[in-house]
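Colleague:
Protein chains in written order, with the numbering used here: chain A, 1 to 344; chain B, 345 to 676.
What follows is the structure, given as structure tokens:
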């Protein structure tokens, strides 16, 4: 709610100055990321436009990569605004996918039942993550780093013990194919899931009380607690949300590839954090946006696929990633400083 | 504030230069320029599942690079960092989006890669598969397969080991889930069973040789009647050799493997290993580039819709010396 909104029937307060639209835009955390999207798109359009970057299949391929990362990045941005990290989502993706595959292939559960069981499983992991962080007051970085190893190990060990393999394929996904992996033209359904989650997250963050609680928990947790914000419940809820996002991505991948493997999702947690930081969210919490995470994921997708379309060895992707991360953070802090100075 | 301001622009410029340099530098290196034949403007994309740490695949890449030089085609080679079908399908999608004149892929998992390969075929790109997928390539619309049929190669290996007297063997699989490797063990098992013996499959992690050696040692200790160990690649063979040597069982347990490496060839030459099955993967890199160039120019494609076999070729003590020489050059 804008500071200058007035209750009906009252005169506007002349002590408050209405900020112009441009100034308000400059202050938004996602401005740097939006600029980044444009710049990256232009760069690849120039060097790879005739090689297919601008064509339908090129655009569809980077949107697909961006959407899968974005499904994780948006909830992670909410969690980071609240001041916490979740390094275990990659392992949750692997664990959930494998859980569905095992229940369906090995124990012959119907697919929908297996999916619901995996969702419940991932929510439980998220709850445990949040509970440990909140009760022990340990840094969430450490707690979720431990979860990362524990749940990846559980996935590998249990799968090998039950099936002797590390990958289960040939799952019959025909009943849910359209919902999770359908296509309009070349464009994948995961794009719609991504945008839907982004819209929901932005609405929660900017238009509801829970959103204020999230900002408060990240910006000044003790002060927020003192005025009655249920900081612990907010954080646990956010950990459950990121875990659920991991499960959703696992379901989408399982349906797309009709298979699950124990290593799926490795390193996605770092990619998600990078997308969120590129999008303008501070590592220290209290400031950021879900829309920024959308832009960050989009930049990721464009770079990852753009490099291959250009013909560059995909190994150089990581060099680009690091370079872009620094560039993005520098641009973000520069714009933020300029916007703060320009307020006068 | 002044000190930070002074550092800001240099930092920006360094970051920008890093990004641009990575882009420029690598694009020059990875697209093969031909000092051999004149450039024909034909573009071919190669996407394999071969991890960089596996010495097997660097021979394939050498074949690809040499064929690019000899035919004048421009070839790009992509592979994911780990055995990751999601990443590989994305590489295929991106390669397809760049509209190449031909696509070469390996198919270690037809379920996961099928959709991407079908998209390539639907886009009118001629596709040749290599190395893995000899039993599925036809159903995906792929023109031909250049490789070794795994089941038959495993059968051949098992026959030789059975003839050497092996009756209780361990089949060491370093990438369980790779359908081609599973078939090798199946073929091997069938031959040994036919000779009246039995086979146990041991799964190991190709990226961790120390752990692999430990697992093999434990398996041998657990069952003292094992008289043969059959590995499916150099990343399984080297630890197996080391494990058998350490346990001093090389005279009692016969060791043989799929695919070559300097260690394997030396061991065969020294008489420590019975044989190695060479699938001549240099051909798997070289031939598809030639085929796709000719297809683009004249519409020619060999194979008749069937696989073109590059193996099995058996390397034994008799021919090891010559093969060792070529292996050092990265050709075998």
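For every residue, glycine included, the Cβ atom is placed at its ideal position computed from N, Cα and C.
All values derive from a computational prediction rather than experimental measurement.
Would you mind working out which of A/155, A/217, A/249 and A/333 sits nearest residue 192 of chain A, comparing C-alpha positions?
Modeller: The option with the nearest alpha carbon to residue 192 of chain A is A/249.
Colleague: Applying the criterion that 16 or more other CB atoms from any shown protein chain within 10 Å of the CB defines a buried residue, is residue 201 of chain A buried or exposed?
Modeller: Result: buried.
Colleague: Using 8 Å as the limit for Cβ to Cβ distance, is residue 309 of chain A near chain B?
Modeller: Yes, residue 309 of chain A counts as interfacial toward chain B.
Colleague: Hey, which unbroken runs of the alpha helix (DSSP H) at 4 residues or more fall wholly within the region 108-170 of chain A?
Modeller: Counting whole runs of 4 or more residues, the region 108-170 of chain A contains the alpha helix (DSSP H) stretches 111-136 and 140-163.
Colleague: Rounded to whole angstroms, what is the Cα-Cα separation between residue 657 of chain B and residue 528 of chain B?
Modeller: Distance between the alpha carbons of residue 657 of chain B and residue 528 of chain B: 15 Å.
Colleague: If I follow the unbroken alpha helix (DSSP H) through residue 386 of chain A, where does it start and stop?
Modeller: Outside the shown range of chain A, which is 1 to 344, sits residue 386 of chain A, and nothing can be said about it.
Colleague: Would you report the Cα separation of residue 374 of chain B and residue 307 of chain A, rounded to the nearest angstrom?
Modeller: Confidence at residue 374 of chain B is low in this model, with a pLDDT of 40, below 50, so its placement is unreliable and the value that follows should be read with caution. Taking the straight line from one Cα to the other gives about 12 Å.
Colleague: Hey, does residue 555 of chain B have any beta-carbon neighbour from chain A nearer than 8 Å?
Modeller: Not an interface residue.
Colleague: Do residue 32 of chain A and residue 331 of chain A have their beta-carbon atoms positioned less than 8 Å apart in this structure?
Modeller: In contact: residue 331 of chain A and residue 32 of chain A (Cβ atoms closer than 8 Å).
Colleague: Scan the region 398-428 of chain B for residues whose Cβ lies nearer than 9 Å to a Cβ of chain A and list them as they occur along the chain.
Modeller: Taking 9 Å as the Cβ-Cβ cut-off against chain A, the residues of the region 398-428 of chain B that qualify are 418, 420, 421, 422, 423, 424, 425, 426, 427 and 428.
Colleague: So is residue 61 of chain A in contact with chain B if we call contact Cβ pairs under 8 Å?
Modeller: For residue 61 of chain A, the answer is yes, since a Cβ of chain B falls inside 8 Å of its Cβ.
Colleague: With 8 Å set as the bound, which would you pick, yes or no: does the beta-carbon of residue 559 of chain B sit closer than that to a beta-carbon of chain A?
Modeller: No, residue 559 of chain B does not count as interfacial toward chain A.
Colleague: Where residue 246 of chain A and residue 478 of chain B are concerned, what is the direct C-alpha to C-alpha distance, given to the nearest angstrom?
Modeller: Going by the C-alpha atoms only, they are around 35 Å apart.
Colleague: Please work out which residues of its chain come closer than 8 Å, Cβ to Cβ, to residue 559 of chain B, disregarding the five sequence neighbours upstream and downstream, and give them in chain order.
Modeller: Same-chain partners within the cutoff: 546 and 548.
Colleague: By the criterion of Cβ-Cβ separation under 9 Å, what are the contact partners of residue 453 of chain B in chain A?
Modeller: By Cβ distance, chain A contributes 167, 169, 257, 259 and 261.
Colleague: Return the residue from the list B/653, B/615 and B/642 that minimises the CA-CA distance to residue 627 of chain B.
Modeller: Nearest option by C-alpha distance: B/653.
Colleague: With residue 273 of chain A as the anchor, note down where its alpha helix (DSSP H) starts and where it stops.
Modeller: Taken as a continuous stretch (DSSP letters only), the alpha helix (DSSP H) holding residue 273 of chain A covers 268-278.
Colleague: Could you give the residue range of the beta strand (DSSP E) that holds residue 543 of chain B?
Modeller: Residues 542-547.
Colleague: Contact defined as beta carbons within less than 8 Å: I believe residue 295 of chain A pairs with residue 45 of chain A. What is the distance between those atoms, to the nearest angstrom?
Modeller: Their Cβ separation, rounded to whole angstroms, is 17 Å, which puts residue 295 of chain A and residue 45 of chain A out of contact at 8 Å.
Colleague: Residues in its own chain within less than 8 Å of residue 244 of chain A by CB, not counting five upstream and five downstream?
Modeller: Same-chain partners within the cutoff: 75, 119, 122, 123 and 126.
Colleague: Please list, in chain order, all residues of the same chain as residue 389 of chain B whose beta carbon is under 6 Å from its beta carbon, the five residues on each side excluded.
Modeller: These residues qualify, in order along the chain: 420, 439, 444 and 447.
Colleague: Which of helix, strand or coil does DSSP assign to residue 522 of chain B?
Modeller: Note: residue 522 of chain B maps to coil in three-state DSSP.
Colleague: Taking only three categories from DSSP, how would you classify residue 370 of chain B?
Modeller: Note on residue 370 of chain B: pLDDT 43, under 50, position unreliable in the model; the coordinate value appears next. Residue 370 of chain B: helix per DSSP, three-state reduction.
Colleague: If the cut is a Cβ gap below 7 Å, which residues of chain A does residue 440 of chain B touch?
Modeller: Those are 57, listed as they occur along chain A.
Colleague: If we count the other Cβ atoms within 10 Å of its Cβ and call it buried at 16 or more, is residue 475 of chain B buried or exposed?
Modeller: Buried is the call here.
Colleague: Going by CA-CA distance only, name the one from B/533, B/556 and B/385 that's closest to residue 583 of chain B.
Modeller: Closest option to residue 583 of chain B, Cα to Cα, is B/556.
Colleague: Pull out every residue of the region 73-86 of chain A whose Cβ sits closer than 8 Å to any Cβ of chain B, in chain order.
Modeller: So the list is empty, because no residue satisfies the distance condition.
Colleague: Are residue 456 of chain B and residue 433 of chain B close, meaning C-beta to C-beta below 8 Å?
Modeller: A contact, by the Cβ cut-off of 8 Å.
Colleague: If you run the structure through DSSP and keep just helix, strand and coil, what is residue 637 of chain B?
Modeller: Residue 637 of chain B falls in the helix class under three-state DSSP.
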